[in-house]
Every structure is written in structure tokens, then in C-alpha cells.
Amino acid sequence: MTQWQGRSDFLASLTSGELLFPRGAQLAIAEWEAPGTPPGEEPLWIAPLHLHHHDDEAWYVLHGTLSVRVGDEVVTAKQGEAVIVPHGTPHTFWNPSAETTRYLIIMQGQVHPLIEAIHRLEQRDP
Numbered sequence: 001m002t003q004w005q006g007r008s009d010f011l012a013s014l015t016s017g018e019l020l021f022p023r024g025a026q027l028a029i030a031e032w033e034a035p036g037t038p039p040g041e042e043p044l045w046i047a048p049l050h051l052h053h054h055d056d057e058a059w060y061v062l063h064g065t066l067s068v069r070v071g072d073e074v075v076t077a078k079q080g081e082a083v084i085v086p087h088g089t090p091h092t093f094w095n096p097s098a099e100t101t102r103y104l105i106i107m108q109g110q111v112h113p114l115i116e117a118i119h120r121l122e123q124r125d126p
């Protein structure tokens with residue numbers, strides 16, 4: 001399966017877990033799920049604190065909530081809300097609720113391998 005497989009090079013069913021990243025495009029979109037944080041426990045960090053020197057990153061919440069630390073500010077997006085982190089800004093993100101969160105992540109194509117590697121990490125504390 002290629003990274004742009006779908007009904008077209010430019011169309012994918014993100015709900016089936018496909019990555020939409022057509023050849024020649026600079027943007028990629030993927031859907032991810034994040035398990036909830038049990039009450040009274042530390043958040044399950046989705047990514048450690050990091051920054052991208054040249055690329056912005058964005059999230060759109062499909063279900064649940066997603067908290068994002070953008071520099072020194074923490075914002076919490078609910079279903080139907082989006083967050084954008086400008087390049088050069090330290091950030092991390094997590095699911096603050098007990099229920100599973102589903103979200104779209106929109107990133108520059110060259111950031112996708114980094115995001116996949118971060119999601120495979122076992123230790124993600126900021």
C-alpha cells in the first residue's frame with residue numbers, strides 16, 4: 001500500500017486510517033485516536049514537548065477533547081474545534097478526558113515520518 005492509496009491520489013477515507021499525502025503535495029492529513037486519561041492520573045502524552053523549525057502543525061477534533069500546549073499557553077479543543085501551532089513554537093498534546101479522542105492532524109509532508117516515530121515512543125513525557 002502506498003501512502004497515497006485511495007479512490008484517487010487526492011482522496012482518502014481518513015476514518016479507515018489512511019494517510020492523505022499525494023505525491024507532490026506539501027500537506028498531509030491523518031486521523032488518530034488517543035486513549036483517555038484515567039481520573040487522577042497524569043496525562044498520557046501523545047508527543048513529548050518539541051518544535052518544528054520550518055513547519056506549522058494543526059489538529060481538528062472529531063470526537064472528545066484534545067489539549068495542546070502552545071509555547072507557555074495550554075488550550076483545550078473540543079469536538080469541532082481546531083488548533084494551529086506556528087513553526088518554531090514548542091508544543092505537546094494530550095487527551096485530558098477519560099474517553100477516547102479522535103482527531104485529524106494536518107502537517108507538512110516532511111513532518112509525517114517524525115510524527116509516526118513520536119507516536120511509536122513508549123515514553124512521551126514533555
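Residues in the sequence shown are numbered from 1 upward in steps of one, following full-length UniProt numbering.
Every residue, glycine too, gets a C-beta built ideally from N, C-alpha and C.
Applying the criterion that 16 or more other CB atoms from any shown protein chain within 10 Å of the CB defines a buried residue, is H87 buried or exposed? exposed
By the DSSP assignment, the beta strand (DSSP E) with R102 in it spans what residues? T101 to Q108
Smallest Cα separation from G40: which of R69, L27, V74 and S97? S97
Paired residues, beta bridge with A47 - DSSP: F93
Cross-strand partners of A82 (DSSP beta bridge): Paired residue(s): Y60.
Alpha carbon to alpha carbon, how far is M107 from L49? 16 angstroms
Enclosing beta strand (DSSP E) for T65 [first to last residue]: T65 to V70
So which of A77, H54 and G64 has the shortest CA-CA distance to A34? G64
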